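Take a look at the structure below.
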Amino acid sequence: MTIPTRKKPEVLAPAGNLRGLKTAVDYGADAVYCGGKAFGMRSAPKNLSLEDFEEGSRYAHARGARVYVTCNVLPRNNEIEAMREYVGQLKDTGVDALIVSDIGVMMMARQVAPNLELHVSTQAGVTNYQAANAFYELGARRVVLAREMDLQAVRDIRANIPDDLDIECFVHGAMCMAFSGRCLFSNYLTGRDGNHANARSHAVGSIRSWRRSAPGKYYPIEQTKDGAYLFNSQDMNMLDHLDDLIDSGATSLKIEGRAKSAYYIAAMTNAYKTAVNEYMVQRGFESADGTVLQPFHDRVVRPSDPDYAEVMAAFGSDDAGDQVMRNADKAFAGVADDGYERPGITVIGQSGAGAGAGAGAGADVVAVAEPDGMSAHARSTRRKSNTAVEVIESDWKHAAVRPAPHVTLPGWLLEETDKVAHRDYSTGFYYPEHKVTQNIDRSAYFRSWMVVGEVLSWSADEGGRVTLMSRNKIEPGQEVEFLLPGEQPLVFTVPDAGLRDADGQPVPAINNPAHVFSMPCPHQVPINAAIRSRTKKPTLKAE
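Just so we're aligned, residue 15 is where the sequence shown starts under our numbering, counting upward by one.
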């Protein structure tokens, strides 16, 4: 059974094992990506066996989800035949796609497993539409963009590739600070683009260039018993900006974290799936009950559009009509970044009935001062490229996005990203003025919530009773939350009486990890739902 590509934005969740795969599907993932025991680039997760892929594919397909397998290593000569055999085995497990980065592997997969979709890994470094189109001609049906792409680059690629070529973008999780060696270090520290011959080609030269560009400035290195850590990058969090990314042409929204826990997978998958559902309703594609009102489409203006010239004229050379970036300016106002403080929002009036589509009648019209006296033209240039110095042909026009109001997410949903262990959050490289940065004072994760149990079963007997596997202490009067698929978490106060152990004997509290207990709960809760609670004292702890 093969599940067709979805006709709406896809939430793509990670899985390091079979349990993670099933958890992702249970909490709304449209697709799951995972590695096998061989030829993947993640060794920390346990990964899946061929038997796991068979069971996982059946489980996912029965619930309308798809399974993608990472085969993104660059194989050596002595691995070619083993790779061919492995792909031949994968094609019979029921998985839907292979994620590859090597062109040879791609060509081999087309021969050995012609029914599997081919997705080009982020390791291939797709940064422009020419590369995307080339992979399309070679048989790819998806490109995973390089993580350093900003929103303007995403929309430029979307406008110049076939509509049936998917664009996959990272939306949440750990950020990788290096690409093809250490060239990205130069981009981050000195603004010299390593992909356009502005950075030194090796580490020593890069270090020398940093010293010349910032004399007396030091970059501390933390040395521990496990080694030295050059960078502790912030985690990506695009939940509240998901509409900007979808409007800009992203087809699949990828959550990072194959080494993460089942709880992390459940919480983040649920959050992003709920956010996509909100997007579909607020953009008018679906009703609140999920009924399709009109086919989904992004808001990127394509050269083939009948009104292309008219829209591009309104868009303007200074991005005057770019509602996405105006939304970003408003969202980020007052946020410190790159050494300067953003000024606050100044309300200068209200829009009337003739306002653009991005602002409703009576909406505040805002003016955000330019940082460090930067001109509007300079800001526009920065938005359009990560390259410090760029030569653009006179007839080249960046793609525009049709204006639309910001999709507003409920407060409880925005809080979900703080209920998993995480580093400081950023929006990655999507907004050039607010790029991901590093933490030089710590390498640990914030933890303000913890999992205290997992639901084993629920019974309506005695007015409702939940049986759980304990993870941490649960005591009378404690406020906990049940993580529910597709819904706001259920907030519940542990009753003063009625707690029992596995033998049915009363206990004053649940305080033995990995033991079975039960407690009164009148609300029906699903099997495997995580039970979480605030920590008494937020901590910084290594993941």
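Note that beta-carbon positions come from the ideal geometry of N, C-alpha and C, so glycine has one too.
Given the structure is predicted, the values throughout are model-derived calculations rather than measurements.
Residues near N341 in its chain [Cβ-Cβ closer than 7 Å; skip 5 each side]: The count along the sequence shown starts at 1 and reaches residue 341 at position 327. Cβ contact annotation for N341 (same chain, cutoff 7 Å, sequence separation greater than five): D258, H420, in chain order.
Consult DSSP for D336 and reduce its assignment to one of helix, strand or coil. Sequence index remark: in the sequence shown, residue 336 carries index 322 (1-based). D336: coil per DSSP, three-state reduction.
On the criterion of 16 or more Cβ atoms from any shown chain inside 10 Å, does N251 qualify as buried, or is it exposed? Along the sequence shown, read from residue 1 onward, the residue named residue 251 stands at position 237. That one is buried.
Limits of the unbroken alpha helix (DSSP H) element including N284: Numbered from its first residue, the sequence shown carries residue 284 at position 270. In the DSSP assignment, N284 falls within the unbroken alpha helix (DSSP H) covering 276-296.
Measuring only the C-alpha atoms, how far is Y47 from Y444? Within the sequence shown, the letter at position 33 stands for residue 47. Within the sequence shown, the letter at position 430 stands for residue 444. Looking at the two C-alpha atoms, the distance is approximately 23 Å.
Determine whether the beta carbon atoms of M282 and H186 lie at a separation below 9 Å. On the sequence shown, position 268 is the one that residue 282 refers to. On the sequence shown, position 172 is the one that residue 186 refers to. Contact: yes.
Please state if the CB of G442 and the CB of M189 are separated by a distance shorter than 9 Å. Counting from 1 along the sequence shown, the entry for residue 189 is found at position 175. Counting from 1 along the sequence shown, the entry for residue 442 is found at position 428. In this structure, M189 sits near G442, with a CB-CB distance shorter than 9 Å.
Starting from L62, follow its DSSP beta bridges and name the residues at the other end. Here residue 62 corresponds to residue number 48 of the sequence shown, with the count starting at 1. Per the DSSP secondary-structure output, L62 pairs in a beta bridge with G50.
Candidates M533, A458, Y73, V508: which alpha carbon is nearest P520's? Here residue 520 refers to the residue found at position 506 of the sequence shown. Taking only the C-alpha atoms, the option nearest P520 is M533.
By how many angstroms is the C-alpha of V134 removed from the C-alpha of G425? What you label residue 425 is simply residue 411 of the sequence shown in a count that begins at 1. What you label residue 134 is simply residue 120 of the sequence shown in a count that begins at 1. So the alpha carbons of these two residues sit roughly 36 Å apart.
Please report the residue range of the beta strand (DSSP E) in which T481 lies. Taking the first residue of the sequence shown as 1, we reach residue 481 at position 467. T481 -> beta strand (DSSP E) spans 479-484.
Roughly how many whole angstroms lie between the Cα atoms of P540 and Q125? Along the sequence shown, one-based indexing puts residue 540 at 526. Along the sequence shown, one-based indexing puts residue 125 at 111. Answer to the nearest angstrom: the Cα atoms are 44 Å apart.
First through last residue of the beta strand (DSSP E) which encompasses W463: Position 449 of the sequence shown holds residue 463. W463: member of the beta strand (DSSP E) spanning 459-473, first to last residue.
Please return the same chain residues whose Cβ sits closer than 7 Å to the Cβ of M388, not counting the five positions on each side in sequence. The residue labelled residue 388 in the question sits at position 374 within the sequence shown. With a pLDDT of 39 at M388, under the threshold of 50, the modelled position of this residue cannot be trusted; read the value that follows with caution. So the list is empty, once near-sequence residues are dropped.
Who are K268's beta bridge partners in DSSP? For the purposes of this step, residue 268 is taken as the residue at position 254 of the sequence shown. The partner list for K268 (beta bridge, DSSP) reads L26, F184.
Taking 8 Å as the cut-off, does the segment 313-325 touch the segment 469-488 (at least 3 CB pairs, one atom from each stretch)? By the Cβ criterion, the segment 469-488 is not in contact with the segment 313-325, since fewer than three pairs of Cβ atoms, one from each stretch, lie closer than 8 Å.
Range covered by the alpha helix (DSSP H) that runs through Y322: Walking along the sequence shown from the start, residue 322 turns up at place 308. Where Y322 is concerned, the enclosing alpha helix (DSSP H) stretches over 322-329.
Kindly list the residues whose CB is nearer than 8 Å to the CB of Y439, restricted to its own chain and excluding five residues on each side of it in sequence; keep chain order. Indexing the sequence shown from 1 puts residue 439 at position 425. Here Y439 has Q248, D249, M250, N251, T431 as same chain residues with Cβ atoms under 8 Å from its own Cβ, once five neighbours each way along the sequence are excluded.
Can you grab the Cα-Cα spacing for the pair Q492 / V508, in whole Å? Taking the sequence shown and counting its residues from 1, the one referred to as residue 492 is at position 478. Taking the sequence shown and counting its residues from 1, the one referred to as residue 508 is at position 494. Near 5 Å, if we compare the C-alpha coordinates of V508 and Q492.
Counting pairs of Cβ atoms below 8 Å between the segment 102-110 and the segment 72-88, do you hit three or more? They touch, by the three-pair rule.
Rounded to the nearest angstrom, how far is the Cβ of S266 from that of D180, given a contact under 8 Å? Position 252 of the sequence shown, counted from the start, is the residue given in the question as residue 266. Position 166 of the sequence shown, counted from the start, is the residue given in the question as residue 180. Yes, they are in contact, since the Cβ atoms of S266 and D180 sit about 6 Å apart, within 8 Å.
Range covered by the beta strand (DSSP E) that runs through I113: Position 99 of the sequence shown holds residue 113. Bounds of the beta strand (DSSP E) holding I113 are 111-114.
Where does L32 fall in DSSP's three states? As a position in the sequence shown, residue 32 is number 18, starting the count at 1. Helix at L32.
Please classify Y445: does DSSP put it in a helix, a strand, or coil? Numbered from its first residue, the sequence shown carries residue 445 at position 431. Here DSSP, grouped into helix, strand and coil, assigns Y445 to coil.
Grouping DSSP H, G and I as helix and E and B as strand, with all else coil, what is A414? Translated into the one-based positions of the sequence shown, residue 414 becomes position 400. For A414, the secondary structure class from DSSP, reduced to helix, strand or coil, is coil.
With a floor of 4 residues, list each alpha helix (DSSP H) that falls wholly inside the segment 127-193, ordered by position along the chain. Taken in chain order, the complete alpha helix (DSSP H) segments of 4 residues or longer contained in the segment 127-193 are 143-151, 165-172.
Going by beta-carbon coordinates alone, are N284 and L497 separated by less than 9 Å? Translated into positions along the sequence shown, residue 284 becomes position 270. Translated into positions along the sequence shown, residue 497 becomes position 483. Yes, the pair counts as a contact, with Cβ atoms nearer than the cut-off.
Residue from D164, P176, V87, D170 with nearest C-alpha to F184: For the purposes of this step, residue 184 is taken as the residue at position 170 of the sequence shown. Ranked by how close their Cα comes to the Cα of F184, the residues D164, P176, V87, D170 have D164 in first place.
If you measure between the beta carbons of V415 and K22, is that distance less than 9 Å? The residue given as residue 415 occupies position 401 in the sequence shown. The residue given as residue 22 occupies position 8 in the sequence shown. No, the pair does not count as a contact, with Cβ atoms beyond the cut-off.
If you reduce the DSSP assignment to three classes, tell me which class A38 lands in. Numbered from 1 along the sequence shown, position 24 holds the residue referred to as residue 38. Reduced to three states, the DSSP call for A38 is helix.
Helix, strand or coil at D106 [DSSP, three-state]: Taking the sequence shown and counting its residues from 1, the one referred to as residue 106 is at position 92. In the structure shown, D106 sits in coil (DSSP, three-state: anything other than H, G, I, E or B).
Find the nearest neighbour of I545 within the set P499, D517, L112, K411, judged by alpha-carbon distance. The residue given as residue 545 occupies position 531 in the sequence shown. Ranking the options by Cα distance to I545, first place goes to P499.
DSSP-derived helix/strand/coil call for I524: Along the sequence shown, read from residue 1 onward, the residue named residue 524 stands at position 510. Here I524 sits in strand by DSSP.
If we call anything under 9 Å between Cβ atoms a contact, is L482 one with V530? Indexing the sequence shown from 1 puts residue 482 at position 468. Indexing the sequence shown from 1 puts residue 530 at position 516. Against a cut-off of 9 Å, the Cβ pair of V530 and L482 comes out as a contact.
Would you kindly work out how many angstroms separate the C-alpha atoms of R161 and K268, rounded to a whole number? Here residue 161 refers to the residue found at position 147 when the sequence shown is read from its first residue. Here residue 268 refers to the residue found at position 254 when the sequence shown is read from its first residue. One Cα belongs to R161, the other to K268, and the distance between them is close to 11 Å.
Within 10 Å of its beta-carbon, does G467 have 16 or more other beta-carbons around it, so buried, or fewer, so exposed? The residue you call residue 467 lines up with position 453 of the sequence shown. Looking at its Cβ environment, which holds 16 or more other Cβ atoms inside 10 Å, G467 is buried.
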